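Student:
Residue numbers (full-length UniProt numbering): 1 to 98.
1) Let's see if you can read the secondary structure: which residues bound the alpha helix (DSSP H) around residue 42?
2) What are the boundary residues of the alpha helix (DSSP H) that residue 91 is part of?
3) Inspect the beta-carbon positions of residue 18 and residue 55 and report whether they are closer than 8 Å.
4) Can you look up residue 69 in the DSSP assignment and give me helix, strand or coil?
5) Does residue 55 come out as helix, strand or coil in the three-state DSSP assignment?
6) Does the Cβ of residue 68 have 16 or more other Cβ atoms within 10 Å, making it buried, or fewer, making it exposed?
7) Spatial neighbours of residue 46 within its chain, please: C-beta separation below 7 Å, excluding the five flanking residues on both sides.
Printed below as a string of structure tokens:
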């Protein structure tokens, strides 16, 4: 039996995972909370917050949104976050195509 791979996760390269992590850490530090506080606000384990921010874990989109909502991100912050991820993904694809 083969394991079904989430098509969204399959396309997240290590470089993109690190970019997502950087953006998540920037947002967390901007609101002034520690990883432990972030874990408490989100309901995720502190190690989950760490691995996402370190870029060693490719999170589901819903996980990212859950975290962003727990951080009380504004609509413009959500838009900026998602746009930065899309732009980084496009940049990485262009680099890998050359």
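All C-beta atoms, glycine included, are put in the ideal place defined by N, C-alpha and C. Just so it is clear, the structure is predicted and the values come from calculations on it, not from any experiment.
Tutor: Once the coordinates are examined:
1) 35 to 42
2) 75 to 97
3) yes
4) helix
5) coil
6) buried
7) 35, 36, 39
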